[in-house]
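I have placed the structure first, in the form of structure tokens, so that the comments after it can refer back to it.
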Amino acid sequence: HLATSLPLPSERDHLRPRIDLIVFMIDIKSKYSLKNVETSLAHVDASFFLGKVCFLVTGVGRLNSCSVEMNAVCKLGETYCSPVLFCELELEGIRVSTAQRLLRMLQICAGHTPGVSALSFVSLMRSSDDN
Amino acid sequence: MDETVAEYIRRIVLKIPKDEIKTMLQKWGFLSEAQLRTLNFHQIKDSISQEVVQLCVENSADIKQAAVLDIIYNHIYQNKRMWSVYQMKKSGEELEYFDITDFKKKFKGRLRSALKNVTITFKEYEDNAIWIRVAWGTLHKKPNQYKPSYVVYHSQTPYVFVSASMLKSTLPLLCQALIVASNYHDIREMELRSHSLNSLKDIVFKRYSQNFQTYSPKHLQGGNMEPKSEDLRVVQENRSEKERRHRLNWEVFGDGPQPKLEYAQYRLETMFKSDPKMNVLDKKEPFRCLVKFSSPHLLESLKSLAPAGMADARLSPLLTCIPHKARNYFKIKEKKVLHPENFVSP
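Chains A and B are the protein sequences, given in the same order. Under my numbering, the residues of the first sequence are numbered 11 to 141, in order. Under my numbering, the residues of the second sequence are numbered 137 to 482, in order.
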């Protein structure tokens with residue numbers, strides 16, 4: 011399901027399945043997209059932040075048109091205990107591998123991988139911070 | 137043959153891209169087909185131009201023919217020049233029959249009586265456009281062929297498109313000659329400038345696709361909205377919002393291509409409004425500021441802002457009024473009246 015911002019329009023509530031993973035996409039060229047994500051985060055139920063939220067920063071191939079501070083994005087990931095992925099949508103290889111990563115995360119969040127749950131992401135993040 | 141004419145022709149030929157030289161010389165028609173066949177178009181341009189000049193010498197070309205070649209070049213490469221638009225006014229409502237010979241005679245007469253040394257050339261094109269080229273001299277100096285003015289006049293309209301020479305002082309004289317020749321009594325410069333002559337014509341002749349406020353509520357732009365093939369597994373949560381934005385955009389810009397403008401300039405003479413405690417600019421003078429938008433194709437880029445999600449669907453009327461008001465240079469003064477129409481002054 012694609013949405014431009016949260017909250018989701020209520021008229022489609024009955025058509026929506028259970029949400030297993032929320033990916034917030036931030037375009038590195040647009041300050042507006044970061045702002046939009048920050049405002050939308052306020053509408054997310056706290057239970058999602060146990061591994062069911064992830065930030066995807068796009069457009070990193072064009073660092074010369076960068077409008078969003080890297081620090082701001084990483085801080086966002088830390089504040090909300092959620093992983094931050096970087097990708098470049100214009101390159102097919104990276105696009106495909108990012109999609110595969112997200113799909114893997116989704117499988118885990120939806121409970122399709124025995125032995126691993128979404129909570130694992132939170133603990134994984136903890137350890138990388140200690141470096 | 138005059139050395140300066142030879143040099144002038146040589147320079148024009150050098151400007152023409154190599155594969156266009158033959159066609160342009162054919163359009164010119166001054167050299168015969170037989171002569172054109174003797175030219176080797178596969179050598180370097182320098183040599184081609186020398187050969188062309190040689191042939192022109194044989195035919196005793198004078199400045200008049202060279203000027204025609206110059207018009208032809210500028211007609212094809214019209215977008216290299218910056219064009220402004222002038223509007224002429226008639227005193228009465230009489231619809232006079234337009235006589236091209238009379239026009240030319242009056243135009244030449246007016247210019248020549250003021251300045252003895254001018255080169256004036258006319259060329260008519262199929263779309264009722266009369267192209268005029270004027271090279272300016274003074275009482276004592278011969279005309280400078282390298283800085284001419286070009287005028288495009290559609291006789292059935294009150295509009296004149298001018299690509300003025302660098303010599304600014306020639307403009308009033310040019311305007312005067314135009315109104316005398318065309319039997320109008322006044323001429324004013326519109327605040328409309330662009331490199332694309334056709335777009336300027338589209339705007340003043342209202343040839344671009346306009347959209348009117350009334351529309352059928354059921355009319356949705358199904359075709360235009362989703363250019364990529366939609367995967368049915370992807371659900372758009374904000375589809376109705378997206379459709380609304382596209383519809384609003386369509387209402388403002390319409391379906392067809394927009395006229396091509398490169399700039400929109402807004403000269404602000406408004407008062408700076410700030411918190412009185414901030415103590416900024418407490419003088420009661422207007423804050424002068426110039427805002428300029430530039431783009432290879434300004435109106436198309438404005439049209440694509442809302443669909444790209446970079447702006448709200450309702451763009452400022454100051455931007456969207458550009459084709460309707462036929463202007464891209466604005467002066468904005470303080471709002472004195474509530475009516476928004478009076479907000480923008482000429």
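Yeah, the Cβ is synthetic: ideal placement off N, Cα and C, and Gly gets one too. These numbers come from a predicted model, not from an experiment.
Start and end residues, beta strand (DSSP E) containing V371 (chain B): In the second sequence, counting from the first residue as 1, residue 371 (chain B) sits at position 235. V371 (chain B) -> no beta strand (DSSP E), and no H or E assigned at all.
C-beta neighbour in chain A for N374 (chain B), strict 8 Å: What you label residue 374 (chain B) is simply residue 238 of the second sequence in a count that begins at 1. Yes - at least one Cβ of chain A is within 8 Å of the one on N374 (chain B).
The segment 212-228 of chain B in contact with the segment 320-330 of chain B per 3-pair CB rule at 8 Å: yes
T68 (chain A) at chain B interface by Cβ criterion, 8 Å: Here residue 68 (chain A) is taken as the residue at index 58 of the first sequence, counted from 1. At a cut-off of 8 Å between beta carbons, T68 (chain A) makes no contact with chain B.
For T108 (chain A) and L95 (chain A), believed in contact at Cβ under 8 Å, the rounded distance: To locate residue 95 (chain A), count along the first sequence from 1; it is residue 85. To locate residue 108 (chain A), count along the first sequence from 1; it is residue 98. That pair is a contact at about 7 Å.
Chain B contacts from the segment 94-110 of chain A (Cβ-Cβ distance under 8 Å): Cβ proximity to chain B below 8 Å picks out nothing from the segment 94-110 of chain A.
Opening and closing residue of the beta strand (DSSP E) in which V427 (chain B) lies: Stepping through the second sequence from its first residue, residue 427 (chain B) is reached at position 291. V427 (chain B) -> beta strand (DSSP E) spans 422-430.
Where Y144 (chain B) falls: helix, strand or coil (DSSP): As a first step, residue 144 (chain B) is located in the second sequence; it is residue number 8 there, counting from the start. Note: Y144 (chain B) maps to helix in three-state DSSP.
Beta-bridge partners of C64 (chain A), as assigned by DSSP: For the purposes of this step, residue 64 (chain A) is taken as the residue at position 54 of the first sequence. A:V33.
Assigned exposure category for T306 (chain B) - 16 Cβ within 10 Å defines buried: To locate residue 306 (chain B), count along the second sequence from 1; it is residue 170. By the beta-carbon neighbour count (other beta carbons within 10 angstroms, threshold 16), T306 (chain B) is buried.
D448 (chain B) versus H460 (chain B) - alpha carbon distance: Within the second sequence, numbered from 1, the residue matching residue 448 (chain B) stands at position 312. Within the second sequence, numbered from 1, the residue matching residue 460 (chain B) stands at position 324. Cα to Cα, D448 (chain B) sits roughly 21 Å from H460 (chain B).
Closest residue to V287 (chain B) among B:L314, B:Q281, B:P279, B:H276 (Cα-Cα distance): Against the second sequence, residue 287 (chain B) aligns to sequence position 151. Here the closest residue by C-alpha is B:L314.
Chain B residues whose Cβ lies nearer than 7 Å to that of A82 (chain A): Working through the first sequence from its first residue, we reach residue 82 (chain A) at position 72. Within chain B, no residue has its CB atom less than 7 Å from the CB of A82 (chain A), the nearest being about 20 Å off.
Euclidean distance between Cα positions of D263 (chain B) and Q214 (chain B): Locating residue 263 (chain B) in the second sequence gives position 127, where the first residue counts as 1. Locating residue 214 (chain B) in the second sequence gives position 78, where the first residue counts as 1. If I take the Cα positions, the gap works out to 15 Å.
Buried/exposed call for D138 (chain B), threshold 16 Cβ in 10 Å: Indexing the second sequence from 1 puts residue 138 (chain B) at position 2. Exposed, by the Cβ-count rule.
Short-range partners of chain B found in the segment 18-36 of chain A, where Cβ spacing is below 7 Å: L18, P19, R22
A317 (chain B) vs K242 (chain B) beta-carbon contact at 8 Å: Taking the first residue of the second sequence as 1, we reach residue 317 (chain B) at position 181. Taking the first residue of the second sequence as 1, we reach residue 242 (chain B) at position 106. In this structure, K242 (chain B) lies closer than 8 Å to A317 (chain B) by Cβ.
Any non-hydrogen atom of the ligand ZN closer than 7 Å to V204 (chain B) Cβ: Absence of the ligand ZN from the depicted structure is noted, as is the absence of any ligand whatsoever, leaving it without description.
Start and end residues, alpha helix (DSSP H) containing N81 (chain A): The residue given as residue 81 (chain A) occupies position 71 in the first sequence. Looking at the DSSP string, the run of the alpha helix (DSSP H) that includes N81 (chain A) is 80-89.
T89 (chain A): contacting residues in chain B (beta-carbon distance under 9 Å): Position 79 of the first sequence, counting from 1, holds the residue named residue 89 (chain A). Neighbours of T89 (chain A) on chain B: none; closest Cβ ~25 Å, over 9 Å.
Closer than 8 Å to chain B by CB, T49 (chain A): Numbered from its first residue, the first sequence carries residue 49 (chain A) at position 39. By this cut-off, T49 (chain A) is not an interface position.
DSSP bridge partner residues for Y399 (chain B) (one or two, in chain order): As a first step, residue 399 (chain B) is located in the second sequence; it is residue number 263 there, counting from the start. In DSSP, Y399 (chain B) forms a bridge with B:S430.
Under 8 Å by beta carbon: chain A residues contacting G445 (chain B): Residue numbering aside, residue 445 (chain B) sits at position 309 when the second sequence is read from its first letter. Per Cβ cutoff of 8 Å: T14.
Supposed contact pair I266 (chain B) and I256 (chain B) - C-beta distance, whole angstroms, cut 8 Å: Within the second sequence, numbered from 1, the residue matching residue 256 (chain B) stands at position 120. Within the second sequence, numbered from 1, the residue matching residue 266 (chain B) stands at position 130. Rounded, the Cβ-Cβ distance is 12 Å, inconsistent with contact.
Residue-level contact to chain B via CB, H11 (chain A), 8 Å cutoff: The residue given as residue 11 (chain A) occupies position 1 in the first sequence. It does; some Cβ of chain B falls within 8 Å.
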